[in-house]
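Enquirer: Residue 316 in the numbering used here sits at position 300 of the sequence shown, with consecutive numbering throughout.
Yeah, the Cβ is synthetic: ideal placement off N, Cα and C, and Gly gets one too.
Right, I'll just put the structure down here and ask away after.
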Amino acid sequence: MNQRRHVTLVAAGATLLAVLPLSTVFATWSWLVDAVLVVAAITGVALLVRSFRAPAWVPTAAMVTTYLVVLTWIFRSGHELAGLLPSSATISHFNSLLVSAGEDMRNLGIPVEDRQGLLFLSTLGIGGVAIVVDIFAVVLRRPALAGLPMLAIYSVPVAVHQDSVSFVPFAAGAAGFLWLLVTDNVDRIRRFGRRFTGDGRDVDLWEPSPLAAAGRRLALVGVVLAIVLPVILPGSNTGLLDKFGAAGGGGNGPGGGNGTGSSVDMFAMLSGQLNTNRTFDMVKVQTNEPSPYYLKFGVADELTPAGFRNRTPTGGQSANAGLPPPTAAALSGVTAHAYKAQVQVLSLTMPSVPVYQQPTRTDKLDSSWLYDRPDGLVYSRRGNSDKKRYGFDYVRLDYNPEALRTARQLPADDPVQRRYTSVPKVAEVEKKLATIIAGKTTPYDKVRAIHSSFSAANGFQYSLQTKSGTSGSAIVDFLDNKQGFCEQYSAAMAWLVRAAGIPARVAFGFSRGTNKSGTTWTLTNRNLHAWTEVYFDRYGWVPFDATPAAFVAGVDSAWAPDPNRRAGDPGATTGVDDVPRPGAPGASGSAAAGAGPHEDRLGQDSSAASTAGSGSKLPAVGLGGLAVLVGLLLAPALWRGRLRRRRRPERMTRPPRVVAAVAAGPPDLVVTDDGEVDLARARAHAAWDELVDTMVDHRLPVDAAATPRTLSERLVTGSVLAERPAAAARLLGQAEERARYARTPLPGDDLAASLRTVRAAIIERVSWRTRMGAIMLPASVIDRWRTAVSEWSDRVADIATRRRDAVARVVNLRRLLIRPGHQ
17 MNQRRHVTLV AAGATLLAVL PLSTVFATWS WLVDAVLVVA AITGVALLVR SFRAPAWVPT
77 AAMVTTYLVV LTWIFRSGHE LAGLLPSSAT ISHFNSLLVS AGEDMRNLGI PVEDRQGLLF
137 LSTLGIGGVA IVVDIFAVVL RRPALAGLPM LAIYSVPVAV HQDSVSFVPF AAGAAGFLWL
197 LVTDNVDRIR RFGRRFTGDG RDVDLWEPSP LAAAGRRLAL VGVVLAIVLP VILPGSNTGL
257 LDKFGAAGGG GNGPGGGNGT GSSVDMFAML SGQLNTNRTF DMVKVQTNEP SPYYLKFGVA
317 DELTPAGFRN RTPTGGQSAN AGLPPPTAAA LSGVTAHAYK AQVQVLSLTM PSVPVYQQPT
377 RTDKLDSSWL YDRPDGLVYS RRGNSDKKRY GFDYVRLDYN PEALRTARQL PADDPVQRRY
437 TSVPKVAEVE KKLATIIAGK TTPYDKVRAI HSSFSAANGF QYSLQTKSGT SGSAIVDFLD
497 NKQGFCEQYS AAMAWLVRAA GIPARVAFGF SRGTNKSGTT WTLTNRNLHA WTEVYFDRYG
557 WVPFDATPAA FVAGVDSAWA PDPNRRAGDP GATTGVDDVP RPGAPGASGS AAAGAGPHED
617 RLGQDSSAAS TAGSGSKLPA VGLGGLAVLV GLLLAPALWR GRLRRRRRPE RMTRPPRVVA
677 AVAAGPPDLV VTDDGEVDLA RARAHAAWDE LVDTMVDHRL PVDAAATPRT LSERLVTGSV
737 LAERPAAAAR LLGQAEERAR YARTPLPGDD LAASLRTVRA AIIERVSWRT RMGAIMLPAS
797 VIDRWRTAVS EWSDRVADIA TRRRDAVARV VNLRRLLIRP GHQ
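The structure is reproduced here in structure tokens:
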């Protein structure tokens, strides 16, 4: 192969390795599918043009042209010339996608789901980097400069992550960069001819000269040090001392894992988690309170024209000491109940741990954890909440509305009044507020009027898809469009309450949820929630939730009843998680890289270059590397195909041992013996597991806590399946349900055909990008591998910790240094 074309291939491979860190930004692998398409297309065109020995600028021009055509094909506007060539409408469409990407970057937290704007931005950037790397490495023959655009890609996840980025993607990008440098070095040598030692021995091109070997060693040592030193040394990153539980460490150390050294944008985090298609467990809470209120981990109390912002707590006392009881508990009209709770954090990385209101004691938290009484938060400057297990006692306060009505307006010089009532002047908001609180005299009556204004009777609807407006103010747009989710409701109410001269802020945490087993509540990302807290004189901070209760598994309190509740409804309203239900009012349908005698010498016969090339190991090494790369890319698809074949019900055969034919259950079910029953159950389980994995691969929502019948019905209604696929889906759900719970399972004769029917219907309703992702990068396989790697790393860390403790017990420095009798 011509060496310039070989360097072209290596430049493309190095670019793809360099963009792997973006996998920590996106929740799925759709971005990589688009990136591979763009890079493969422009690289293929460059190889084709360079095979004709065209001038240096021609391949680059062809790459840019192909780049635009592929972008137009992937992100079509519907107004292209001949279906592929960009037009003015295409450019306008690209501009709208960039604007959408900018809004998503401001509003969403990572990891982000597939959003057209963000996918376009990533594909645009990766394709541009591929062209720039090719120019540096192939055209200008300065491969070292190609590291700059590759480093620019790596800077994206570094900039958006609150915690440190894994070293694995960086190592992959560094390997790609070194691969590019080595390939260019070999190419430069080949253009001079063969290499010989001082005694005339032929030297392979891949065998380095002393200077080249020293350079490669220095490069390798530099990369290893860049990866290993930040892991070993505690400081601005997570160190091994913290990783394996050094004394006094309270988590991953400052800066690593969202320590308080870096603030977490809670609005962006909440929006990102609620907009994801995945549902996963985040926290488990065991409490003796029958109907607990919201579990809180943050507040936002700084209000700017752009909205509320959360800040890092700065004060507080040790959380291990006795915490002060709430002063409001002794007031008339306030009922206090003491409870206990045990919390296990499964997947939440915050500088604070979730607690119920008014904690009075904590345990199993080290000395780095503090309690900020004004905010009601338990936080740390050095640790984070991930994988924490802890307990606490707390007091649940219930307020009598008449008692709150006696609360007086705080004086203007009160610190709470000054701090929590500052609000930008917006004429439209003040006009609406005046109408809402007209005739109200007490602070509580004003707050109740504001809370009741967010009702369906006033046109407010719940939706994860907010409408954009033209006012230039987010609060005005929400009050005009009257559509949003808990973020908008809580912030809008807090803004209006502040505008009325009453202290208010936004609180973040988890709603109560509906997944309860005994005294344990399992809270998922769908239970993340935001509500409003209002300060009343003598009573302190009192929670109000303006989000429609039908969409939140929350608490309808006596002092803040649901404004949408009809007369005669029960006093407490419970619903689903903080996501819209299909068919519910206001639900959105889219919510969804001097010499000695043996000195190397270069022969001057340039014609021997081609001979050297044919006798070197380069083609074999290149083909081997390409085969490994292709194998790695195809591994998830091959694994998924193998698993699908194993699950085919018709492949599960077992010779029956008929003892006696016994009719049991429905007429269509005949159980011969235990072996036949086991076979029917195995077929039902295999078909159901394949259906669930198919839904996961095609990005359909799967609730692990739902029963088979419920999940199959959600698939039918959510995907709007036709009559035949719907019947097939229900049959699979019924078969799994019978296989789990009944003594007599359904026969598995129709399961294979039903599975094929439902799979075809699912594939038909999703986009081509989702289908390609399900084939090449099936999410079910990727998630299992990720879980396996995480469990393996946890086991390794646990083994290392136990061995370290064992060594520490044996090798006691004090016992070694102090001899017996000299204490």
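Measuring CB atoms only, is the region 496-506 touching the region 332-350, in the sense that at least three cross pairs come out at less than 8 Å?
Expert: With a cut-off of 8 Å, the region 332-350 and the region 496-506 do not count as touching, because too few Cβ pairs lie within range.
Enquirer: Looking at the secondary structure, which residues open and close the beta strand (DSSP E) in which E305 lies?
Expert: Element bounds for E305: n/a, residue is neither H nor E.
Enquirer: Give the straight-line distance between the Cα atoms of P75 and V439, rounded to the nearest whole angstrom.
Expert: Going from the Cα of P75 to the Cα of V439 covers about 58 Å.
Enquirer: DSSP three-state label for W808, please.
Expert: DSSP places W808 in helix when its eight states are reduced to three.
Enquirer: Is it the case that the Cβ atoms of A354 and T303 are separated by a distance below 7 Å?
Expert: No; because the gap between Cβ atoms is not below 7 Å, this pair is not in contact.
Enquirer: Can you name, in chain order, every residue of its own chain whose Cβ lies under 7 Å from the Cβ of T781, other than the five neighbours on each side?
Expert: First, the residue type needs correcting, since residue 781 is Arg and not Thr in the sequence shown. Excluding sequence neighbours, R781 sits near S735.
Enquirer: Using a beta-carbon distance below 7 Å, is S396 in contact with chain D?
Expert: No chain D appears in the structure shown, which is made up of a single protein chain.
Enquirer: Confirm, please, whether the CB-CB distance from A146 to T328 is below 7 Å.
Expert: No, the Cβ-Cβ distance between T328 and A146 is not below 7 Å.
Enquirer: Give every residue of the same chain whose Cβ lies closer than 6 Å to the Cβ of A138, excluding the five residues on either side of it in the sequence, and list them in chain order.
Expert: Before going on, a small fix: residue 138 reads as Ser here, not Ala. If we look at S138 and ignore the five residues flanking it on each side, its Cβ neighbours are W47.
Enquirer: Does DSSP put T31 in a helix, a strand or coil?
Expert: Looking at T31 - three-state DSSP - the assignment turns out to be helix.
Enquirer: From what residue to what residue does the beta strand (DSSP E) around H353 run?
Expert: Residues V350 to V361.
Enquirer: Could you have a look at E129 and say whether DSSP puts it in helix, strand or coil?
Expert: Coil.
Enquirer: Compute the Euclidean distance between the alpha carbons of A523 and T81, then round it to the nearest angstrom.
Expert: A523 and T81: Cα-Cα distance of roughly 51 Å.
Enquirer: Measuring CA to CA, which of S103, W45 and T24 is closest to L64?
Expert: Checked all of S103, W45 and T24; the closest Cα to L64 is T24.
Enquirer: What's the gap between the Cα of T199 and the Cα of L161?
Expert: For T199 and L161, the distance between alpha carbons rounds to 15 Å.
Enquirer: Starting from the C-beta of W511, find all residues in its chain whose C-beta is less than 6 Å away, skip the five residues before and the five after it, and write them out in chain order.
Expert: Once the five neighbours on either side are set aside, the close Cβ partners of W511 are I491.
Enquirer: Would you check if the distance between the CB atom of A153 and the CB atom of L36 is smaller than 7 Å?
Expert: No, the pair does not count as a contact, with Cβ atoms beyond the cut-off.
Enquirer: For A795 and V712, which I take to be in contact (beta-carbon distance under 8 Å), what is that distance rounded to the nearest angstrom?
Expert: About 5 Å; that satisfies the 8 Å criterion.
Enquirer: Pull the bridge partners of L97 from the DSSP assignment, please.
Expert: Partner(s): L101.
Enquirer: My understanding is that S363 touches V394, with C-beta atoms under 8 Å, so please give their C-beta distance in whole angstroms.
Expert: Contact flag wrong, Cβ pair sits at about 19 Å.
Enquirer: According to DSSP, is L311 part of a helix, a strand, or is it coil?
Expert: Strand at L311.
Enquirer: So is Q333 buried or exposed if we call it buried at 16+ other beta carbons inside 10 Å?
Expert: The residue in question, Q333, is exposed, as its Cβ has fewer than 16 Cβ neighbours within 10 Å.
Enquirer: Going by DSSP, name the residue or residues bridged to V550.
Expert: Paired residue(s): A520 and V558.
Enquirer: Hey, which unbroken runs of the alpha helix (DSSP H) at 4 residues or more fall wholly within the region 373-440?
Expert: Listed in chain order, they are 417-421 and 431-436.
Enquirer: Let's see if you can read the secondary structure: which residues bound the beta strand (DSSP E) around T540?
Expert: Per DSSP, T540 belongs to the beta strand (DSSP E) from T536 to T540.
Enquirer: Can you tell me which residues form a DSSP beta bridge with F526?
Expert: The partner list for F526 (beta bridge, DSSP) reads L311 and L544.
Enquirer: Based on DSSP bridge pairs, tell me the residues matched to V41.
Expert: According to DSSP, V41 bridges with nothing at all.
Enquirer: So, with DSSP's three-state summary, where would you put G118?
Expert: In the structure shown, G118 sits in a helix (DSSP, three-state: H, G or I).
Enquirer: For E4, which residues of its own chain have a beta-carbon under 6 Å away from its beta-carbon, when the five flanking residues on both sides are left out?
Expert: Outside the shown range of the chain, which is 17 to 839, sits residue 4, and nothing can be said about it.
Enquirer: Who does Y478 pair with in a DSSP beta bridge?
Expert: Its beta-bridge partners are G500.
Enquirer: How many angstroms separate the CA atom of P390 from the CA atom of V315?
Expert: So the alpha carbons of these two residues sit roughly 10 Å apart.
Enquirer: Who are the near neighbours of T88 in its chain, counting only those whose CB is closer than 8 Å to its CB and skipping five residues on each side?
Expert: E96, L100, L101, P102 and T106, listed in sequence order.
Enquirer: Distance, Cα to Cα, L311 vs V359?
Expert: Distance between the alpha carbons of L311 and V359 is about 10 Å.
Enquirer: Measuring CB to CB, does V411 end up less than 7 Å from V463?
Expert: Their beta carbons are not under 7 Å apart, which means V411 does not touch V463 by this criterion.
Enquirer: Measure the alpha-carbon distance for S489 versus T457 and round it to whole angstroms.
Expert: Each residue's Cα considered, the two are about 29 Å apart.
Enquirer: In or out: L448 buried (at least 16 other Cβ within 10 Å) or exposed?
Expert: A small correction: the amino acid at residue 448 is Lys; Leu does not occupy that position in the sequence shown. Burial call: buried.
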